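Residue numbers (the working numbering), protein chains in the order written: chain A, 215 to 464; chain B, 267 to 708.
We put the CB at the ideal spot given by N, CA and C, even for glycine.
This structure is a prediction, so every number in the text was calculated from the model and none was measured.
Reviewing the structure listed below.
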Amino acid sequence: MINIKELQASIGDTPILKSLNLEIKPGEVHAIMGPNGSGKSTLASVLAGREDYDITGGSVDFDGQDLLEMDATERARSGLFLAFQYPVEIPGVSNINFMRAAVNGKREHEGLEPIKGKDFLNLVKEKASLVELDGRLRNRSVNEGFSGGEKKRNEIFQMAMLEPRFAVLDETDSGLDIDALRIVANGVNAMRSPERSFLVITHYQRLLDYIVPDFVHILVDGKIVMSGDKELALKLEEEGYDWIKEDVSA
Amino acid sequence: MTPSAEPIVMDLQRKPNIHPATQAKGEALVSALAGQRTSVDSAAKYLSALPVPHRRVERWKHTAVSGFWADYSEPVVQTIEAAGCEACPVPGLHAYRIVFVNGTFDAEASDLPVHSGVRCEPLSMSSAGIEAEGNLESREWFAALNGAFAAEGMKLLVERGVVLDRPLLVHHHTHGANSANIMRHEIEVEENAQVQLIHWSTANEDASGMVNIMTRMQVASGGIVALDKVQDEAGAVHHLAFEQIKQAGSSQVRIHTGTIQGKWVRNDLNFELNGEGCDAVLNGFFLPKGREFVDNHTTVDHRAAHCTSSEQYMGILYDSSSGVFNGKVFVRPDAQQTNAYQQNGNILATDKATINAKPELEIYADDVKCSHGCTIGQFDEEALFYARSRGIGEAEAKAMLVHAFIGDVLEGFAVQEVRLEVEHRLATRHGWDTWNDTIENA
Chain A
215 MINIKELQAS IGDTPILKSL NLEIKPGEVH AIMGPNGSGK STLASVLAGR EDYDITGGSV
275 DFDGQDLLEM DATERARSGL FLAFQYPVEI PGVSNINFMR AAVNGKREHE GLEPIKGKDF
335 LNLVKEKASL VELDGRLRNR SVNEGFSGGE KKRNEIFQMA MLEPRFAVLD ETDSGLDIDA
395 LRIVANGVNA MRSPERSFLV ITHYQRLLDY IVPDFVHILV DGKIVMSGDK ELALKLEEEG
455 YDWIKEDVSA
Chain B
267 MTPSAEPIVM DLQRKPNIHP ATQAKGEALV SALAGQRTSV DSAAKYLSAL PVPHRRVERW
327 KHTAVSGFWA DYSEPVVQTI EAAGCEACPV PGLHAYRIVF VNGTFDAEAS DLPVHSGVRC
387 EPLSMSSAGI EAEGNLESRE WFAALNGAFA AEGMKLLVER GVVLDRPLLV HHHTHGANSA
447 NIMRHEIEVE ENAQVQLIHW STANEDASGM VNIMTRMQVA SGGIVALDKV QDEAGAVHHL
507 AFEQIKQAGS SQVRIHTGTI QGKWVRNDLN FELNGEGCDA VLNGFFLPKG REFVDNHTTV
567 DHRAAHCTSS EQYMGILYDS SSGVFNGKVF VRPDAQQTNA YQQNGNILAT DKATINAKPE
627 LEIYADDVKC SHGCTIGQFD EEALFYARSR GIGEAEAKAM LVHAFIGDVL EGFAVQEVRL
687 EVEHRLATRH GWDTWNDTIE NA
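Written out as structure tokens, the structure reads:
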């Protein structure tokens with residue numbers, strides 16, 4: 215699905231990702247954990263096509279395509295989705311029109327006609343129920359005045375609408391109470407399939423109780439320094455990151 | 267300044283540091299016009315007393331008038347049919363209509379209101395004189411020019427308590443090169459009368475010259491007027507529009523100005539709130555492209571207590587276009603309990619676009635609520651990236667942000683068909699396909 219090889223990225227003169235390797239196969243859920251400043255969110259941004267970063271080395275293959283050659287719009291239309299850590303408020307643009315533009319963008323890419331109004335509304339209804347997003351939020355401006363939990367549910371709603379092949383969840387658990395966390399995780403789990411892969415970026419093991427990963431990677435200083443299964447996340451929860459840092463420097 | 271001071275409503279500077287060449291150009295224009303038509307002396311006398319606008323007069327600091335110094339000729343085309351233009355620019359609009367082509371009344375293309383208590387006729391058929399004293403004509407050179415030389419326009423009277431059953435469209439079209447279209451609309455709305463007006467200006471691709479339109483409106487107590495003003499002029503027309511609105515107590519006037527296109531446009535709105543309980547709304551948007559220039563000067567003069575005014579002007583400037591916003595709000599000593607709001611937002615879409623924005627509030631009463639805000643910025647990069655990350659193209663994402671930015675102003679247009687046509691024309695001009703989709707699905 216996605217194959218990241220020796221990826222290096224910097225912001226200005228500061229290198230953030232320093233030769234990162236990661237391969238994710240169809241249907242797999244990978245989690246990336248790591249201390250603050252290790253490059254987790256940079257990885258998410260670079261994959262989604264944010265232009266603030268300079269790619270200084272390496273490659274990313276997305277189902278046979280050179281991901282780094284595509285702009286953000288093309289990546290999304292090709293089936294990549296990023297759930298933002300801080301979803302953006304867009305006053306004056308209704309959630310529903312925003313999503314229709316997004317869905318039609320993808321359909322155009324696939325050579326399909328724009329979705330019919332009625333079909334679209336049915337799709338919205340179906341997907342919104344997945345994350346218990348009520349009609350009021352659907353018709354409001356994108357994320358404007360949403361609570362932290364509502365914003366994250368809206369991210370998962372958008373993901374469900376767009377049905378990506380590969381989704382990156384950037385600290386989707388941050389700022390969520392336990393109920394919201396469960397709703398968000400249920401939404402993600404409902405979308406798991408043999409054709410769809412996830413990269414779950416998180417600080418805390420807690421999310422991984424709900425979205426159980428196949429692999430857990432630990433990112434320190436721009437590199438993956440350790441990989442394992444879900445037990446690795448439990449060990450981190452108990453012991454913190456210090457032992458890894460010592461291991462790495464040793 | 268002491269609280270009892272009389273506010274200076276307009277610059278009355280007499281020819282400060284004016285260059286003789288500029289003065290000469292103004293005088294040449296006056297004598298050329300005087301050779302072609304009869305002038306109205308009550309206004310003409312101010313032409314020699316007032317300074318010809320130039321950059322050192324504050325109100326014209328960022329507004330170049332050199333485009334007006336041209337050789338004007340009598341236009342050949344005087345009907346909308348000969349101009350190859352639709353009499354009604356708004357599809358599906360069910361409205362009365364008065365049409366002017368190059369400043370001439372086109373009776374064939376017009377459909378004047380037939381309604382008891384409403385009198386609407388071309389100005390040339392009425393015997394109205396011009397009262398310059400105390401009006402814009404005595405304070406502003408181009409207004410004096412209008413007062414002196416406007417030979418045509420609309421005279422409208424809506425009698426006490428009468429509600430006109432359909433909107434009244436005033437369509438002004440400019441055709442051909444170098445015409446000088448100087449027009450005046452005199453509108454009187456009596457007690458508790460109501461009328462919806464649409465003022466739509468168009469021009470052919472090859473049109474050039476001057477459009478100078480003065481709209482004078484007297485609204486008696488309890489009168490309600492909505493004016494939707496749309497400027498969509500191709501060609502190279504220099505368009506100068508004055509509105510002078512005098513409101514009596516408990517009247518409501520709403521003016522929405524949409525500048526879709528125009529090489530050079532200046533709107534100069536002047537509200538006088540003369541009685542208690544007046545409500546004035548003045549909103550507008552402007553989206554110049556290329557090297558277009560759009561200027562919105564507004565003055566709201568709160569002269570009585572318990573009045574509200576609300577103002578919102580939103581501009582997005584593309585390419586090498588430029589704009590001016592100047593919003594004056596006066597609150598006179600007696601105008602207690604005034605509630606005045608002003609908002610001006612500007613997005614510079616390129617590095618070459620410019621805006622000169624100036625809110626000016628002069629408040630001489632102590633128990634008032636006045637707020638204003640002015641922003642100049644760029645498209646929100648975070649919002650654009652967010653949209654793109656959802657598969658929305660950059661151009662489309664920007665179109666969405668534009669719609670959001672001017673959405674409140676668009677919503678305020680009084681006549682639904684006008685709003686839809688304005689959105690449609692903007693979408694076509696800027697290539698925003700999705701806007702048209704949204705309109706169709708609305």
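Residue i to residue j, Cα distance in whole Å?
i              : j              : result
V365 (chain B) : G359 (chain A) : 47 Å
P379 (chain B) : Q608 (chain B) : 35 Å
P554 (chain B) : N336 (chain A) : 39 Å
W698 (chain B) : A315 (chain A) : 12 Å
Q682 (chain B) : E347 (chain B) : 26 Å
D498 (chain B) : G611 (chain B) : 21 Å
L370 (chain B) : A353 (chain B) : Before going on, a small fix: residue 370 (chain B) reads as Thr here, not Leu. Distance between the alpha carbons of T370 (chain B) and A353 (chain B) is about 14 Å.
G401 (chain A) : I269 (chain A) : 33 Å
P427 (chain A) : E288 (chain A) : 28 Å
A514 (chain B) : Q302 (chain B) : 38 Å
G333 (chain B) : F408 (chain B) : 13 Å
S388 (chain A) : Q299 (chain A) : 7 Å
F596 (chain B) : D632 (chain B) : 13 Å
R685 (chain B) : G331 (chain A) : 22 Å
Are the C-beta atoms of residue i and some chain B residue less than 8 Å apart?
i              : result
A404 (chain A) : no
G442 (chain A) : no
P305 (chain A) : yes
R264 (chain A) : yes
F298 (chain A) : yes
K320 (chain A) : yes
L376 (chain A) : yes
R291 (chain A) : yes
A286 (chain A) : yes
Check whether the Cβ of residue i lies closer than 8 Å to any Cβ atom in chain A.
i              : result
G639 (chain B) : no
G657 (chain B) : yes
G515 (chain B) : no
A693 (chain B) : no
F651 (chain B) : yes
A615 (chain B) : no
D277 (chain B) : Unreliable positioning characterises D277 (chain B) in this predicted model, as indicated by a pLDDT of 49, which lies under 50. The coordinate reading is nonetheless provided below. D277 (chain B) does not count as touching chain A.
E662 (chain B) : yes
E403 (chain B) : no
A443 (chain B) : no
E648 (chain B) : yes
A336 (chain B) : no
F670 (chain B) : The amino acid at residue 670 (chain B) is misidentified as Phe; the sequence shows Ala. With 8 Å as the cut-off, A670 (chain B) counts as an interface residue toward chain A.
Flag this pair as yes or no: are the beta carbons of residue i and residue j separated by less than 8 Å?
i              : j              : result
A615 (chain B) : L583 (chain B) : yes
R656 (chain B) : L376 (chain A) : yes
M483 (chain B) : I453 (chain B) : yes
N478 (chain B) : A336 (chain B) : no
F591 (chain B) : D567 (chain B) : no
I642 (chain B) : F551 (chain B) : no
N357 (chain A) : N368 (chain A) : yes
A486 (chain A) : R569 (chain B) : With chain A covering only 215 through 464, there is no way to say anything about residue 486 (chain A).
G528 (chain B) : H505 (chain B) : yes
Which bits of chain A does residue i rub up against, with CB to CB less than 8 Å?
i              : result
G550 (chain B) : None at all; the shortest Cβ gap to chain A is about 17 Å.
F679 (chain B) : Neighbours of F679 (chain B) on chain A: none; closest Cβ ~16 Å, over 8 Å.
M666 (chain B) : I304, V307, N311, F312 and A315
G689 (chain B) : Per the sequence presented here, residue 689 (chain B) reads as Glu, with Gly not at that position. Near E689 (chain B) there are no residues of chain A at all, since even the closest Cβ is about 13 Å away, more than 8 Å.
G673 (chain B) : G306
Y607 (chain B) : Going along chain A, no residue has its Cβ under 8 Å from Y607 (chain B), so there is no contact; the nearest lies around 18 Å.
A300 (chain B) : Near A300 (chain B) there are no residues of chain A at all, since even the closest Cβ is about 51 Å away, more than 8 Å.
Which residues of chain B have a Cβ atom closer than 9 Å to the Cβ of residue i, listed in chain order?
i              : result
V260 (chain A) : The contacting residues do not exist; V260 (chain A) stays about 12 Å from chain B at best.
L337 (chain A) : Within 9 Å Cβ-Cβ: nothing; L337 (chain A) doesn't reach chain B, min ~15 Å.
Cβ closer than 8 Å: which chain B residues qualify as neighbours of residue i?
i              : result
Q372 (chain A) : R656
L257 (chain A) : Those within 8 Å of L257 (chain A) in chain B number zero; the least Cβ separation is about 15 Å.
Given that residue i touches chain A, what residues does it touch there, using C-beta distances under 7 Å?
i              : result
A446 (chain B) : In chain order: nothing, as chain A lies at least about 41 Å away.
Discussion item. Could you tell me which whole beta strand (DSSP E) segments of length 3 or greater appear in the stretch 422-489 of chain B?
Written reply: 434-440, 445-455, 460-469 and 474-485
Worksheet item: Taking only runs of the beta strand (DSSP E) that begin and end inside the stretch 280-337 of chain B, which ones reach a length of at least 3 residues, in chain order?
Response: none
Item to complete: Entirely within the stretch 350-380 of chain A and at least 4 residues each: give me those alpha helix (DSSP H) ranges in chain order.
Response: 362-376
Worksheet item: Whole beta strand (DSSP E) runs in the stretch 645-688 of chain B with 3 or more residues, listed along the chain?
Response: none
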